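These protein sequence lines are chains F, U, S, Z and L, in that order.
Sequential numbering from 11 applies to the first sequence in the numbering used here.
Sequential numbering from 249 applies to the second sequence in the numbering used here.
Sequential numbering from 479 applies to the third sequence in the numbering used here.
Sequential numbering from 16 applies to the fourth sequence in the numbering used here.
Sequential numbering from 4 applies to the fifth sequence in the numbering used here.
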Amino acid sequence: MKDEVVEVEVGAMILSPGFKPFDPSEFDNYQYANHPNVMTAMEFERLLSASGPTEGHLVRLSDHKEPKKIAWFQCVGSRDMNKCDNKYCSSVCCMYALKEAVIAKEHAGDDLDCTIFYMDMRTHGKDFEQSLNSAVDQGVRLVRSRIHSVEPITGSDELNIRYVTEDGNVANEIFDIIVLSVGLEITPKVMELADKIGIELTDGNFADTDSFAPVETSRKGFFVCGAFQGPKDIPQSVVDSSAAAGEASALLSDARNTLTLKPEPVPEINIQGDRPRIGVFICKCGSNINGVVNVPDVSAYAASLPCVEYACDNLYTCSQDTQDSMTQIIKANNLNRIVVAACTPKTHEPLFQETLMNAGLNKYLFEMTNIRNHASWVHKDAPDLATQKAKDLVRMSVAKVALMEPLKEGTLTINPAAMVVGGGLSGMAAAKNLAEQGYQVHVVERQPRLGGQANNLYQTFKGEDIQQEVSSLAQAIEENENIQVHLNTTLENVEGFVGSFKSDLKCESKTSTIEHGVAVIATGALPLEPSEYSYGQDNRIITSLELDQKFIADDPGLKTMESAVFIQCVGSREPDRPYCSRVCCTHSIDNALELKKANPDMHIYILYRDIRTYGEREYIYQEAREKGIIFIRYSVDNKPKIRLKDDQVSVQVTDHILNRPIEIRTDLVTLATAIVPNKDERLANFFKVPLNEDGFFVERHAKLGPSEFATDGVFLCGLAHYPKPIDEAIAHGQAAASRAVTLIARKQIHTSGNVAYVNPVICSSCGVCISICPYSAPSFETEGKNQGKASINSVLCKGCGLCMASCRSGAIHLNGFDFNQLFSQITAIN
Amino acid sequence: MKNPYTPYPVKIDEIEIATEDKSLKTFKFIFLNKEDEKKFSYQAGQFAELSIPGVGEIPIGIASSPVEKGFVKFTVFKTGVVTSHLHKMKTGDIMGIRGPLGNAFPWDNLQGKNLVIIGGGFAFTTLRSSIVFMLDPANRSKFGNVDVVYGARSPGMLLYREELFDWEKRADINMNITVDSTDNPEWKYNTGFVPTIVEKKIPKADKNTCAIVCGPPIMIKFTQPALKSLGYHDDQIIMSLENRMKCGIGMCGRCNIGKELVCKDGPVFTLEELKQTPGEF
Amino acid sequence: MNMITRNIQKHAASLLKAETVDVFIGFKAGSFPMSAAPVIIKNPEQAQALIWDSNCRLNLANYLTNRTDKIGIVAKGCDSRSIVNHIIENKITRDQLHIIGVPCSGMVDKTKIASEFTDEITELREQEDSLVIKAGSETRILAKGEFLRSNCLSCTHRNPVLYDQLAADLVTEPVIENQFADVDKIESLSRDEKWLYFDDLIQNCIRCYACRNSCPLCFCPTCFVDESNPQWVGKGIDSTDVRTFHFLRAYHCAGRCTDCGACVEACPMDINVRDFTRKLNKDVLDMYGWEAGLDIKKRPPLDTFNPNDPDEYIK
Amino acid sequence: MAEKQIKIVAFLCNWCSYGAADLAGVSRMQYSTDIRVIRVPCSGRIDAKLILSAFREGADGVWVSGCHPGECHYLEGNYYARRKFILMGNLMEHMGIDKDRLHFSWISSAEATKFAKVAQEVADTIVPMGPSDRFVKRAV
Amino acid sequence: MEIIKIKKTAWPGGIDKARETYHLFGPVKDKSCHIFRPLENNIYPDMEYTSSTLSPKSVLFPQTQKILETSVDESEKNHHILTPVKQDNTPKAVIGIRPCDAKAMQLVKLNFDTKDYRDPYWCDAYESSTFIGLAANTPSIFDFSTSAGSGPFEEDGLDVLLVDCKDHYLAKVITEKGKSFLNTTGFNESTDQNKADQIIKDLKTCAEGIINSSIRTENLKEKTVLDLYNAPFWEDLAFSCISCGTCAYVCPTCWCFDIQDETRGSLVTRIRNWDTCMPPLFTQHASGHNPRGEKTQRVRQRFMHKLKYFEDKYDQGIMCIGCGRCVEKCPVNIDIRDICNLMNAYEPEKESAVSKLREK
């Protein structure tokens with residue numbers, strides 16, 4: 011291919027150049043460059059992968075023997091000023107090391123020793139702390155230490171590790187494999203690009219952004235997302251990318267839909283009353299299927315099945331040329347039902363359905379069966395049985411597809427208005443973006459003013475004045491013509507569904523109803539009211555937010571204190587609340603530095619479990635240490651104790667290095683209290699969205715769908731999702747808005763044809779369906795000849811089939827998974 | 249005596265879509281054993297059980313006419329399990345037919361009479377059989393005038409369209425084809441419901457005229473007063489009933505109306521006879 | 479005439495007279511010993527046909543299904559619980575009903591009594607707690623308490639749970655040590671023994687569906703055994719088909735069955751079909767603390783869930 | 016006649032267990048060839064009728080797998096399913112049907128290892144029992 | 004006809020001899036029921052029974068019976084061609100059948116053996132059967148056979164009538180078939196014919212005297228179908244009916260059946276099952292229309308069929324022989340005796356006059 015220069019006119023640009031994993035070759039003490047059994051975490055991932063060099067078989071590369079012991083070294087190329095120049099924390103390595111350790115144990119069995127050598131265990135993401143706990147439960151060993159050196163053992167493929175234990179002793183241990191948990195870094199090329207564009211970078215060479223404009227670079231019109239903005243994991247990258255898209259769209263909202271092209275729809279052939287003429291397409295998937303399953307044999311077998319008019323095999327059924335020929339074959343043979351035996355419908359069904367539509371067939375006249383993931387890949391040593399199984403699966407699908415009927419999809423008109431529940435930072439960010447993109451927004455806030463918890467915060471770790479920023483944002487919201495703010499207002503009821511919600515609002519005693527097509531849940535979270543550390547018994551024992559209040563009020567008392575103690579993880583990472591509150595380490599350190607600024611002589615102690623100043627927050631941790639703030643680690647089973655005696659506050663804690671209890675007399679104890687969710691079950695019920703055990707809302711997908719719910723038309727942002735700092739909360743708000751616009755911009759959407767319906771003649775009116783449907787799709791007809799019988803609102807129906815399985819009368823049918831269809835598969839097993 | 253439950257094996261020779269909505273198809277069967285065709289000797293108005301092994305049986309009026317040789321024809325509306333399955337079958341498939349069953353139109357008594365044939369929707373199958381029978385050169389002289397009213401919802405829903413249009417052109421039969429409504433400007437026949445056309449187009453009754461009426465309940469309901477106003481007595485009105493059947497030979501017990509077994513004593517009854525039985529059909 | 483009969487007649491007559499109800503459903507005397515027949519009364523004069531005795535075994539809730547008029551009805555404990563279920567499942571509304579509750583002392587088991595005699599029983603009279611029985615030339619007095627149906631012996635809801643009027647004073651509910659001894663007995667069998675036990679139990683089943691049709695819970699317009707697309711259960715007396723019927727019928731009663739025994743009463747072949755439903759009754763009580771038909775506001779256990787429900791043996 | 020191959024019908028919910036089966040494939044985990052997967056939207060879709068049908072039609076075992084309780088794609092489907100499964104399983108056992116032929120599990124889409132493990136376990140329990148002979152509908 | 008004496012001590016031996024030639028059927032006690040079953044070796048008919056729970060009709064008309072079969076495997080010869088399933092028509096002897104039940108066979112025969120069609124399954128089984136009746140010395144309290152065209156000593160339909168005389172049976176030979184049967188058993192002890200005849204007559208009189216319920220049928224024939232059909236009593240009579248099939252299934256004269264196809268693998272079997280007119284599906288059309296969709300219509304059909312249509316069609320009395328099974332087994336005590344008497348006494352003119360009076 012020849013290079014070509016193409017000029018494109020754009021109105022905005024989004025930078026997502028990503029990162030490169032740190033190259034540890036230059037670290038001679040880890041033997042990476044010299045020894046095959048020392049590898050980076052990325053290389054180890056390949057080793058674990060079924061498509062990797064050993065087909066997922068976990069071995070030492072030196073001799074292909076199964077390892078007995080594997081070590082992970084954390085912070086390789088991160089938090090390191092000495093050997094490299096990366097001061098920042100790479101944010102993701104602790105979690106991926108844990109994941110790899112657990113998977114390695116799953117692959118190799120429980121006897122495999124997996125040990126992670128680390129400084130602080132940073133599992134600050136949603137559900138990460140639980141993963142940490144379960145990894146420990148599964149026997150993953152965690153050693154808090156920094157590695158001194160790695161020495162190959164002569165005459166063996168093993169490696170000796172020398173490290174310093176917490177109490178200062180030198181220890182040695184032998185491992186088979188060493189995995190270097192390498193950090194993330196920005197490549198020189200990207201830096202060059204930044205320079206060319208003229209955007210500013212941070213110390214870590216990440217794109218510099220403002221906490222209140224987290225995806226905007228220093229140059230207008232240039233947005234950033236992903237690791238270029240700072241080291242981050244998948245969900246945060248996804249949030250950023252949506253946010254960047256949303257912000258760019260806001261900038262370009264006038265140009266929306268000015269360059270779109272519409273494909274000519276192929277008219278649908280009416281097959282009603284025609285006997286099934288089934289086409290079966292069997293994929294070889296290169297050798298992925300054909301290497302085990304005898305695909306030509308399966309294809310010949312398929313041709314012999316009832317109603318099959320055409321059967322063939324393809325090298326890659328999903329390739330464009332096969333799609334084109336499929337269209338031709340369908341037309342030429344008058345096929346009206348199609349079976350594809352290939353990989354998983356979860357990824358490929360939509361593709362083949364589109365091919366059906368291109369051939370003029372209703373897309374529901376289709377059935378896919380998975381002879382790769384469920385046969386060839388999992389029975390590679392039994393080709394005959396795998397072939398037999400593939401035939402069975404094809405036979406079952408042919409039986410089912412013969413009973414598939416063309417289905418109609420419903421059309422929903424989307425009311426291009428949004429309701430944002432919660433007027434905190436995240437909600438305001440969502441509202442602002444939606445409004446700037448040109449949509450009507452209702453912001454519903456329970457409190458008398460906008461701002462939420464941000465009204466109680468002093469400054470960001472970057473030093474931005476939160477009060478000033480919040481009030482200017484609030485002002486912008488209130489002044490925006492597209493936004494209607496409902497203060498002192500509660501949400502009383504929600505009816506309807508994606509595209510047309512009706513929500514009842516109550517302000518004082520007045521109620522009103524608003525109509526909207528989408529909703530963004532941004533109800534935030536609350537600070538924990540602590541019940542330990544003698545909180546409430548002495549006004550020198552306060553929470554982080556109370557300390558912020560003192561800063562905001564410029565409390566003169568702060569300057570005269572001689573000593574201050576911060577206690578971390580108050581209510582977080584405990585059995586009752588087994589998650590990390592994410593922001594507290596940064597917050598406390600920032601406040602500690604602020605105290606230090608006020609009085610450089612102040613003795614400041616931070617009592618912590620792991621310091622989790624991820625990303626470039628690490629800098630203030632380093633600064634704090636440099637400025638003499640003392641960090642004392644405690645363990646959860648030996649928490650610090652407060653003593654109130656003779657008008658004195660003192661804190662007792664066991665020093666982790668000296669392993670001796672010490673007592674700190676202090677003028678101020680600041681408790682870094684947990685962030686607790688609202689656990690708003692009423693709201694969850696209004697929108698049929700789930701809450702997790704902790705009480706946070708559960709997003710559509712933990713990695714790929716962090717800003718929306720599985721329920722169509724409902725979006726999620728801010729602390730209602732999980733604790734997060736301001737920049738992330740704002741990006742999340744923008745992301746939720748951006749996701750919402752993808753829906754409302756379409757004006758109309760189609761609902762799935764795979765929905766349930768009631769045969770009123772058979773319905774016994776017992777009401778089970780109405781009682782159990784999580785989406786309130788069934789209801790009794792209130793008039794007409796079927797009065798009193800159940801009927802299902804196909805717009806609300808998600809097609810789960812629960813009502814059908816619960817209907818004793820057999821009155822409920824589920825398109826696509828109806829009893830006769832599944833029964834035909836069952837009868838075809840033999 | 250033959251085992252009356254054993255169907256004659258037949259092969260589907262031809263399948264024709266009968267109406268535009270594809271809800272009716274006409275199946276042409278040929279007997280696998282030539283001699284069975286003779287055994288299956290029938291009169292217009294009789295029915296047979298179409299028998300699909302593994303699925304079941306369904307009683308269907310015979311649409312072909314005794315004067316048509318070498319095959320039998322049935323026009324089947326897709327409604328239940330058996331008919332749905334039948335609609336999915338293809339030419340060359342083997343199945344069975346059992347019959348002929350039931351009485352027929354009373355051809356002996358009808359000889360020498362004028363006949364009015366009134367049909368609606370897809371209940372025209374045995375009427376087609378009757379018309380073809382009467383129009384046969386060997387039989388035409390045995391009957392007087394033949395007047396036909398046949399209607400369907402729309403032109404595309406008329407059965408045997410080509411034949412209807414051919415008959416329309418003939419002089420020895422008075423065709424009155426009608427549809428409930430149509431937006432086809434080229435439709436050159438009647439528009440209107442069957443009872444209305446009956447009132448307008450059918451000759452007044454005399455002693456020598458009989459009417460055969462087959463159609464949906466609603467049509468029958470409104471055709472009766474129309475015929476009455478034209479002077480037809482109950483014993484001049486001949487009807488063919490449908491009831492749920494299994495055996496078709498008067499034994500299984502479900503199709504009775506009073507003491508009459510629709511499958512064996514019927515399905516053809518005069519209105520006069522029907523009025524003396526409980527109307528359980 | 480016993481006191482309950484008198485009260486029922488009196489209440490029924492006055493309800494009909496006052497047009498509080500359009501019809502009244504109760505029992506009338508049967509046409510042979512140890513029988514009683516459900517009857518519908520439409521005017522006050524007919525009320526004298528109503529009776530109450532120890533043969534009122536059937537469950538009258540069965541006759542309420544989908545009625546649209548105002549109905550007076552006699553209800554013993556189990557009938558009233560079935561009425562509750564009927565209200566929950568929209569087969570009747572509370573407003574339509576005027577319930578004459580009858581605190582129940584148990585119904586007698588006619589098969590058990592018959593097995594005491596060689597000759598056919600020609601007469602049964604009740605005196606207090608005794609049964610005076612004539613069979614052939616013999617007359618004997620039996621203690622009623624010893625000849626109750628097995629569901630009555632394990633009943634802890636003899637008093638109606640829902641009523642507008644009572645035909646007698648409430649009775650003390652018995653305390654039963656092990657309500658499910660019969661289920662325990664089957665549970666203690668080996669798997670093969672269980673299989674044979676049920677094989678033998680339903681061997682004589684003729685699929686007349688009297689058990690189903692006498693059951694107030696079985697109100698589906700089309701029962702699963704009659705489904706035709708696909709027709710997945712055969713209609714003959716093939717043992718698998720018979721077993722399928724009984725299994726699924728019982729399962730459909732899960733959490734709804736009040737153990738009224740109407741199914742057993744109706745069975746012409748004396749099959750104790752309760753052996754199926756009893757296991758479910760036991761399980762829903764054990765696992766979900768549920769007894770059917772006690773509260774018109776609570777849907778049966780399969781219509782609801784608890785996040786902490788037991789899930790033993792789910793991997 | 017060749018020995019009848021054991022056939023186990025696996026009803027897998029689309030969102031969790033079917034995904035786990037996919038991932039087990041991607042990870043090339045090996046397990047018994049006796050499993051025949053039928054994809055359903057949710058374990059809540061499974062009723063006694065389907066399970067019974069499978070046994071009647073000659074399945075030697077049935078395995079139903081859905082999302083973990085609390086993680087149902089449809090919010091609550093598996094909670095309802097759980098009650099059904101337990102009652103149904105108990106009643107089957109009560110009637111003397113080998114409960115070892117009927118398996119239930121909760122497997123999330125990430126739990127490929129669990130999927131392969133349970134699949135193998137299910138097969139390992141059923142295969143030694145041989146073809147099912149209870150509740151099988153045979154020719155009259 | 005000849006009467007012979009059979010000592011009860013000799014009875015089992017004779018039965019065993021008969022097994023060599025006949026498949027024997029007889030009443031067997033199973034839990035609390037008596038059911039007619041094939042008598043396996045060492046199983047003897049329970050001759051002490053009063054009435055069987057199910058009538059012996061199943062001997063000729065099994066509840067589930069394969070009638071045709073074929074293969075749908077296209078590789079097989081004659082696939083999709085249904086052919087009759089061969090039935091076992093070796094001679095059968097039905098021992099201990101109650102006389103009224105045997106009489107019922109004669110009524111059923113009217114349905115299965117007609118001038119137009121002959122049901123080969125029932126007819127062949129019938130022709131291969133010998134009915135060895137057992138007179139009912141003490142008829143059940145439900146028995147009303149004497150007023151239903153039959154009786155505890157009815158001979159129509161029997162080949163031999165056995166009469167229990169404590170330590171022996173008197174066997175009245177009624178047909179040649181019966182004689183052949185007795186020949187194979189070796190029972191041939193002669194007895195004084197006149198005396199034996201008198202004993203039988205006395206026992207018969209005694210037995211008929213025990214029956215204390217009856218029906219009146221004398222007016223049924225002359226009633227107009229539609230008058231009875233439109234009589235006002237049906238709705239109240241039907242109130243308690245639960246639409247189960249008990250009455251029909253226990254009835255010796257009910258013959259309704261259903262035909263069903265079952266497929267297992269490639270084997271298709273066409274099966275005939277008993278059916279009953281009580282559930283709504285019996286007459287429901289594929290379209291959903293149902294001429295007897297209401298319970299009242301179905302209850303009326305049952306009794307009109309038995310007590311009116313049958314008589315009108317065949318002129319052979321009513322389709323009931325008074326065994327009383329339906330009375331005993333009906334879960335809700337719908338009593339054919341009451342209904343028959345109501346119908347017999349029903350006079351529409353009077354009825355309408357009464358209602359007119361009421362209106363005034």
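Idealized CB from N, CA, C, for every residue including glycine.
It should be emphasised that the depicted structure is a prediction, and the values quoted were computed from it without experimental measurement.
Exposed or buried, residue i, counting other C-beta atoms within 10 Å across all chains shown (16 or more means buried)?
i	result
Ala-313 (chain F)	exposed
Met-16 (chain Z)	Because Met-16 (chain Z) sits at a pLDDT of 38, beneath the cut-off of 50, its placement in the model cannot be relied upon, and the point is left open.
Can you give me the C-alpha to C-alpha distance between residue i and residue j, rounded to a whole angstrom?
i	j	result
Glu-528 (chain U)	Arg-22 (chain L)	48 Å
Gly-826 (chain F)	Leu-57 (chain F)	40 Å
His-489 (chain S)	Ser-692 (chain S)	26 Å
Thr-721 (chain F)	Glu-91 (chain Z)	13 Å
Asp-531 (chain S)	Lys-64 (chain Z)	40 Å
Helix, strand or coil for residue i, going by three-state DSSP, please let me know.
i	result
Pro-257 (chain U)	strand
Arg-492 (chain U)	coil
Cys-696 (chain S)	coil
Glu-604 (chain F)	helix
Met-322 (chain L)	coil
Thr-270 (chain F)	coil
### Query
Would you call the segment 425-441 of chain F and the segment 524-538 of chain F touching, i.e. three or more CB-CB distances under 8 Å?
Taking 8 Å as the limit for Cβ pairs, the verdict is that the segment 524-538 of chain F does touch the segment 425-441 of chain F.
### Query
In chain order, which continuous runs of the beta strand (DSSP E) of length 3 or greater are located wholly inside the segment 29-94 of chain L?
If we require 3 residues or more, the beta strand (DSSP E) runs fully inside the segment 29-94 of chain L come out as 36-41 and 67-74.
### Query
Along the chain, which unbroken stretches of the beta strand (DSSP E) at least 3 residues long are found entirely within the segment 418-447 of chain U?
Correct list: 422-427.
### Message
Under 8 Å, with one C-beta from each stretch per pair, do the segment 488-497 of chain U and the segment 304-313 of chain U reach the 3-pair mark?
### Response
Yes, the segment 488-497 of chain U is in contact with the segment 304-313 of chain U.
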